[in-house]
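See structure below.
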Amino acid sequence: MRKEEKALPSAQQQRYEAFKQTLQQVQQRAVSPNANSLMLRSEVTALQQYFHEQLLSLSTDTFSTTTQQWVQSYQVEMDKQLRLLGMDVLFLQAAKQAATALQRQQQVCDRLSTLQRYCEALLGGEEKGEE
1015 MRKEEKALPS
1025 AQQQRYEAFK
1035 QTLQQVQQRA
1045 VSPNANSLML
1055 RSEVTALQQY
1065 FHEQLLSLST
1075 DTFSTTTQQW
1085 VQSYQVEMDK
1095 QLRLLGMDVL
1105 FLQAAKQAAT
1115 ALQRQQQVCD
1125 RLSTLQRYCE
1135 ALLGGEEKGE
1145 E
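Each position in the sequence shown, counted from 1, maps to that position plus 1014 in the numbering used here.
This is the structure we're talking about:
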């Protein structure tokens, strides 16, 4: 598992970097005590669209079989986390109690952190594990 075998082409790296930066911006807004759940829902929908239109559409035909499988496994996990993030935001919107809303807000932030870590791994930042 040498890192150079799994390096993404720069065009793909740029798209994943842009996605990661957007995730960070959404997370900054999500941690705010007065986070707007309607705005979060809109942002999560935009994240899902970007992922499907800009990242899943990227060709991996020139990659080795190992790299293709590696990228696809991250893409599957990211897709799953994005769908769960959408559900978390819906649950946040529906929360009536402050404690429940806080718990849902934390779940949203955790999910966004997970997605950022996946981007870092795809960008070759495995050694940057910040936790």
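Positions of the beta carbon are idealized from the N, C-alpha and C atoms, including for glycine.
Let me confirm a value: residue i is counted as buried when at least 16 other C-beta atoms fall within 10 Å, else exposed. Which label applies?
i       : result
Arg1131 : buried
Asp1075 : exposed
Arg1043 : exposed
Ser1071 : exposed
Gln1111 : exposed
Lys1094 : exposed
Gln1035 : exposed
Met1101 : exposed
Gln1082 : exposed
Val1040 : buried
Cys1116 : The sequence given here places Leu at residue 1116; Cys does not occur at that position. It is exposed - the Cβ of Leu1116 has fewer than 16 other Cβ atoms within 10 Å.
Val1045 : exposed
Val977  : Because residue 977 is not part of the residues shown, which for the chain are 1015 to 1145, the question remains open.
Return yes when the Cβ of residue j is within less than 8 Å of the Cβ of residue i, no when it is not.
i       : j       : result
Gln1062 : Leu1096 : yes
Glu1031 : Leu1137 : yes
Leu1054 : Cys1133 : no
Val1103 : Ser1024 : no
Phe1105 : Arg1125 : no
Phe1077 : Phe1033 : no
Tyr1088 : Ala1135 : yes
Quick check on DSSP: helix, strand or coil for residue i?
i       : result
Ala1021 : coil
Gln1026 : helix
Val1045 : coil
Leu1136 : helix
| field | Every unbroken alpha helix (DSSP H) inside the segment 1101-1134 [4 residues or more] | value | Counting whole runs of 4 or more residues, the segment 1101-1134 contains no alpha helix (DSSP H) stretch at all.
| said: In chain order, what are the residue ranges of uninterrupted alpha helix (DSSP H) at least 4 long that sit wholly in the segment 1050-1105? | reply: If we require 4 residues or more, the alpha helix (DSSP H) runs fully inside the segment 1050-1105 come out as 1051-1064.
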